[in-house]
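Only one structure is covered here, and it is reproduced in the block below.
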């Protein structure tokens, strides 16, 4: 009996020790991440999908992954989360940054699991191509972040296609639209005022060469000018069809669409545009503090001496030079309009173009304008890596508002009224004073003009009971339908980034939203929520709405 008891205790001791060792080993197991290719070899123009996974993750509510890839041999196509939540992607050059977040009260994930898949298209260049997972940032449900340096790669071998294609007739090449360039010289007086009169025959010949595309007039001799005045023959502009004329004054570049300016009549004699560099010492102290050392320009456009007070959408485009300073984010560079009292207002559509070093905007009227970096933020978005850039970019343009205490409340559900206000502001579709017939839309509220404008334009139709649903949380399919219609009205051309996506819950998408979901998915504006689902009835957070609206804004 003593032997049996001793043996039993020994077994218990060993088993207990094993469990203790196992638990200790599990607790000590390090968190790690890996990337693996679905195929080791593909042919040119085929796609290959990489899976990113994590092991022994203690707690994950959101994440951000950073990758680099061989952009000479691979083309980024798409990403999809392995978990249910929301994905935001920023691809530039050979880098891809992907942010993911679960929603609301969803429980954080723990243990070992796949994070996402990322798909590339093989280019015609044969050889080995690699994708490197540089780092992963994991956030818990309190948005406390832990950074992991990974630096692991996966490769795929690309081979040239061996199949012989069926010969097809060579199509007649479509002529490439061209820009005709007309060089003119300014006459500069002692007061540094430059005058240019464009010859009628020269401009007509340039438009004939441009073939309904664009004529660029380059003005020389304005390097030291404080003012540039350009006179154009109205008759030539009137007969230009759909061709635009761009005038590079040296101070700024102005592009006008004559067919969108009804003031240019058949009897008009001359169209005059001017750019004047403003003496900033005359501005208010508020203006000086906001614009710093940036130049201010006063623009004017007139027909036979009569100023054109307002412009139709897309009628006029202005480009101003801007040199990014160290630490400045290009998405935070904005255009300010300065009124006669010195008050500054942000022009929502202003956007910095890194390729040209210019800020491009489409004014509704001419007056004084300037560029500036507007670095503003909320106090609760810093760790929201997948959405912070979009939120701050929209905030810089006064398209977003917070709760009044410096917070944005990114995880709150967005209401239909909140979303339509953000959307209409971002695309500048709000008509002040627009009336609404919806029963629950009250006059004089923060949302009234936006909803009234959206109803007038056919972007929203409301519910069958005659209400708009001001306080109702918006669903993903409602958001898609509104966004798609608004983008069409704003004349935004949505890109087609690949084959159509068919979600496993496709049949549950309401008929009114089917086309919108398809178009926005192809354009990369909206994604699924994981597990091959779109979740059309699922509600949307304020952060998600900001990301999606910014994606469309960038396509303008």
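Numbering (our numbering), first residue to last: 7 to 562. Even glycine gets a Cβ: it sits at the ideal position worked out from N, Cα and C.
- Between residue 277 and residue 238, the CB-CB gap stays under 8 Å.
- By the Cβ neighbour-count rule, residue 518 is exposed, with fewer than 16 other Cβ atoms within 10 Å of its own.
- In chain order, 49, 50, 130 and 132 place their CB closer than 8 Å to the CB of residue 166, counting only its own chain and leaving out the 5 sequence neighbours on each side.
- Collapsing the DSSP output to three states places residue 561 in coil.
- Residue 382 and residue 203 have their C-alpha atoms spaced approximately 44 Å apart.
- Relative to residue 526, the option among 222, 554 and 548 whose CA is nearest is 554.
- The Cβ-Cβ distance between residue 356 and residue 289 does not fall below 8 Å.
- Excluding residues up to 5 positions away in sequence, 62 and 63 lie with their Cβ nearer than 6 Å to the Cβ of residue 37 in the same chain.
- For residue 74, the CB contacts under 7 Å within the same chain, skipping 5 residues up- and downstream, are 100, 101, 138 and 140 in chain order.
- With a cut-off of 8 Å on Cβ pairs, the region 228-243 is in contact with the region 197-213, counting three or more such pairs.
- Under the Cβ criterion (8 Å, minimum of three pairs), the region 184-193 does not count as touching the region 146-159.
- Residue 318 counts as exposed, since fewer than 16 other C-beta atoms from the protein chains shown sit within 10 angstroms of its C-beta.
- Inter-residue distance for residue 474 and residue 445 is about 7 Å (C-alpha atoms, whole angstroms).
- When only Cα atoms are considered, residue 497 and residue 551 end up about 21 Å apart.
- The three-state reading of DSSP puts residue 197 in coil, since its state is none of H, G, I, E or B.
- For residue 286, no alpha helix (DSSP H) encloses it, and the DSSP letter there is neither H nor E.
- Between residue 158 and residue 69, the CB-CB gap reaches or exceeds 8 Å.
- For residue 60, the three-state secondary structure derived from DSSP is strand.
- Across the structure, residue 447 and residue 457 are spaced so that their CA atoms are roughly 8 Å apart.
- Note that the C-beta distance between residue 315 and residue 371 is below 8 Å.
- DSSP, read as helix, strand or coil, puts residue 72 in strand.
- Here the alpha carbons of residue 499 and residue 350 stand approximately 31 Å from one another.
- Per DSSP, the unbroken alpha helix (DSSP H) holding residue 527 starts and ends at 520-528.
- For residue 486, the uninterrupted alpha helix (DSSP H) segment begins and ends at 482-495.
- Residue burial annotation: residue 358 is buried, with at least 16 other C-beta atoms found within 10 angstroms of its C-beta.
- Going by beta carbons, residue 136 and residue 160 fall inside the 8 Å limit.
- Nearest neighbour of residue 212 by Cα position, chosen from 412, 250 and 153, turns out to be 250.
- Closest option to residue 426, judged by alpha-carbon separation, among 487, 367 and 388: 487.
- By the CB criterion at 8 Å, residue 323 and residue 419 fall outside the cutoff.
- Just so you know, the alpha carbons of residue 226 and residue 258 end up roughly 13 Å apart.
- At a Cβ-Cβ threshold of 8 Å, residue 455 and residue 413 do not count as neighbours.
- Residue pairing by DSSP puts residue 101 in a beta bridge opposite 74 and 98.
- Along the length of the region 246-327, whole beta strand (DSSP E) runs at least 3 residues long occupy 250-254, 259-262, 276-283, 302-309 and 322-327, reported in chain order.
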